[in-house]
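Residue numbers for the sequence shown follow UniProt numbering, beginning at 1 and rising by one. Ideal placement from N, C-alpha and C gives every residue a C-beta, glycine not left out. Report on the following structure.
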Amino acid sequence: MNIKQLISESIDVPLSMVDNAIILARSHVKKFELKKKNDKFRIIHQPSKKLKVIQYWLIYNIFKEMPIHAAAVAYRNELSILDNAERHKRNKYFLKIDFKDFFPSLTFNDLLPFLESWKSSRTDLFINNELKEIIRKSCFYTNDKLVIGYPSSPIISNIIMFDLDENIQSIISDNKYGNVIYTRYADDIIISTDKAGACKEIYKEISTLIKSTITPSLSINVEKTKFSSSSGGSATVTGLRVCHDQHITIHKKQKDHIRLLLSLYAKGILNEKDEKSLIGHLAYCHHVDPAFYSKLSKKYFKEIATIRSSHMKN
């Protein structure tokens, strides 16, 4: 049985549908723009429904079986942004590194060595040229690059980054830099340590490593590189503030915004759109900052109970 037949039988659709979805993979993609905080736009690629099904088959039958480095914390069901921040909370000094055009910098050729390596360790599923071509056409776009919006892009990026994650881990394992923790959330690298001055030296080493790495070919977004400390109150890990007492909380601006929405809701003047936004904010708080959520509940117990109840009914 070839791979297309296996996919066809697994998802219970005609083989012709699988064939057509792969043949038309790159031509049946919708593109739209999302405005970023800096007023620039991010292009999102939305695959056809048929192609999405094939991508999910590849995710659950191929990509989820492939190794991902322990430092990679994004796009993993068992991990959250809170788990990422928790790893760093005992350290005082922080370094944040961001990559330019992360997904489009990752190509099918970057993935190939990992497919070959994984194939050699497997006996139950043979990765042949047919499967490679299906992955190339279904999961990569123009010039065989990853794009934002494909369900398969996040996990593929984690697979491709395995060796670089391992090399960075080797750099920070030297005791001269103190007790160093390294995590990567998509294109955001977070380094923390208990030793003053170590982050600048680590940054030099990582910069050299990335410049000398051929695959994947990445470049650091220098404008977004940031040094901070928990004692200075500026240490942030994936949007969460790490305090000097190891407490993790959301930022003051976000707290003030949530209080404002609750106040408007209590007065009966919050519009439907903002009400939905408030529900999301409250769920987020409940997960990542339960202490703040408890404070809100004491003051707005009735309002929170009402809004949660109405949301559950809907």
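- Assigned with DSSP and collapsed to three states, Tyr93 falls in strand.
- Residue state for Pro154 is assigned as helix, using DSSP reduced to three classes.
- In terms of CA proximity to Lys132, Ile22 leads the group Lys224, Ile22, Pro67 and Ser309.
- Within the same chain, and ignoring the five residues on either side of His244 in sequence, the residues whose Cβ sits closer than 7 Å to its Cβ are Ser230 and Ser231.
- Rounded to whole angstroms, the separation of the alpha carbons of Cys139 and Glu130 is 14 Å.
- By DSSP's assignment, Arg26 forms no beta bridge with any residue.
- Per DSSP, His247 lies in no beta strand (DSSP E) and is assigned neither H nor E.
- Annotated as proximal: Ile168 and Ile206, with beta-carbon spacing under 8 Å.
- Around the C-beta of His69, 16 or more other C-beta atoms lie within 10 Å, and the residue is accordingly described as buried.
- Assigned with DSSP and collapsed to three states, Glu33 falls in strand.
- Non-local beta-carbon contacts of Ile3 in its own chain, meaning distances under 7 Å to residues more than five positions away in sequence, involve Glu130, Leu131 and Ile134 in chain order.
- If you draw a straight line from the Cα of Glu272 to the Cα of Ile189, it is about 37 Å long.
- In the DSSP annotation of this structure, the continuous segment of the beta strand (DSSP E) that includes Thr193 starts and ends at Asp188 to Thr193.
- By the neighbour-count definition (other C-beta atoms within 10 Å, threshold 16), Ala74 is a buried residue.
- A residue is called buried once 16 or more other Cβ atoms fall within 10 Å of its Cβ, and Gly178 is buried on that count.
- Annotation for Ala25: Leu51, Lys137 and Ser138 place their beta carbon closer than 7 Å to its own, counting only its chain and skipping 5 residues before and after.
- Under DSSP, no beta-bridge partner is assigned to Thr215.
- The segment 96-111 makes contact with the segment 140-151; the number of CB pairs closer than 8 Å reaches 3 or more.
- If you look at His287, you'll find it in the alpha helix (DSSP H) that goes Glu272 to Val288.
- The Cβ-Cβ distance between Phe63 and Ser157 does not fall below 8 Å.
- When secondary structure is reduced to three states using DSSP, Pro67 falls in the coil class, being assigned neither helix nor strand.
- In terms of Cβ geometry, Thr183 and Asn84 form a close pair [threshold 8 Å].
- Segment contact: the segment 275-283 against the segment 77-93, fewer than three CB-CB distances shorter than 8 Å; contact not assigned.
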